[in-house]
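Please read the structure below before turning to the comments.
In the UniProt record's numbering, the protein residues as written are 1 to 193.
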């Protein structure tokens with residue numbers, strides 16, 4: 001038997017956790033965080049560019065507005081997955097939904113640390129001289145770094161034959177979040193061309 005057949009049989013034998021009311025409340029909280037991030041001071045998604053680039057800029061702004069929601073959903077999906085009853089960590093590392101959310105959160109943490117490091121080394125007054133991106137450009141920067149990490153994690157699962165999805169709503173939500181990060185990156189690249 002191959003490793004994937006063994007892993008699949010182990011997952012099917014385990015008790016799969018159902019989606020509960022607390023999970024729904026966590027998702028509502030994640031959406032509230034997304035709406036709160038969009039209302040930060042200094043964020044304005046403008047469309048003042050030339051008429052030829054106007055629709056391109058509108059699409060880019062809409063894609064940028066999805067990033068705060070994806071950040072909140074990524075964190076909440078990890079919280080729901082780690083809530084009991086939870087499979088062993090060796091099995092969690094084979095679930096594509098969990099892996100997508102974990103790598104997305106890792107990419108967001110590394111990008112945040114890099115931005116904080118640049119802010120500390122450049123000084124506070126650099127922001128007033130235009131050296132730092134505007135708040136809405138931060139959303140575009142976050143979106144462009146997460147998708148390659150998710151693709152690389154899924155490729156490593158597939159190449160190592162460890163792809164072992166669980167038949168639960170939480171793992172499927174993680175899949176959807178990973179696909180949303182990738183689609184957001186593709187649309188952003190198409191808008192910037």
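No residue lacks a Cβ here, since even glycine has one placed at the ideal position from N, Cα and C.
**Report entry** Entirely enclosed alpha helix (DSSP H) segments - the region 48-82, minimum 4 residues
**Finding:** 54-82
**Report entry** residue 177 vs residue 77 beta-carbon contact at 7 Å
**Finding:** yes
Query raised in the report: Where does residue 191 land, buried or exposed, given buried means 16+ other C-beta within 10 angstroms?
Result: buried
Report task. Give every residue of the same chain whose Cβ lies closer than 6 Å to the Cβ of residue 92, excluding the five residues on either side of it in the sequence, and list them in chain order. Result -> 98
Query raised in the report: Start and end of the alpha helix (DSSP H) containing residue 118?
Result: 96-122
Requested in this report: Examine the Cβ distances between the region 161-169 and the region 25-40 and report whether three or more of them are shorter than 8 Å.
Outcome: no
Requested in this report: Decide if residue 122 is buried, meaning its Cβ has at least 16 other Cβ atoms within 10 Å, or exposed.
Outcome: exposed
Query raised in the report: DSSP three-state call for residue 20: helix, strand or coil?
Result: coil
**Report entry** Beta-carbon proximity list for residue 105, same chain, < 7 Å, skipping 5 on both sides
**Finding:** 74, 75 and 78
Query raised in the report: What residue range is occupied by the uninterrupted alpha helix (DSSP H) comprising residue 92?
Result: 89-92
Query raised in the report: In terms of residue numbering, what span does the alpha helix (DSSP H) encompassing residue 163 cover?
Result: Careful: residue 163 lies outside any alpha helix (DSSP H) and carries neither H nor E.
Query raised in the report: Helix, strand or coil: how does DSSP classify residue 84 here?
Result: coil
Query - Residue of 65, 151, 85 and 120 minimising C-alpha distance to residue 239 - result: Lying before the first or after the last residue shown, residue 239 is absent from the chain, which here runs from 1 to 193.
Requested in this report: Measure the beta-carbon distance from residue 180 to residue 149 and round it to whole angstroms, keeping in mind my assumption that it falls under 8 Å.
Outcome: In fact, because the Cβ distance is near 14 Å, the residues do not count as touching under 8 Å.
Query raised in the report: Does DSSP classify residue 40 as helix, strand or coil?
Result: coil
Query raised in the report: Could you give the distance in angstroms between the alpha-carbon of residue 60 and the alpha-carbon of residue 144?
Result: 12 Å
Query - residue 147 and residue 175 closer than 7 Å at C-beta - result: no
Report task. Below 7 Å CB to CB, which residues in the same chain sit around residue 188 once its five sequence neighbours on both sides are set aside? Result -> 60, 63, 140, 143 and 144
Query raised in the report: Below 7 Å between beta carbons: does that hold for residue 169 and residue 19?
Result: yes
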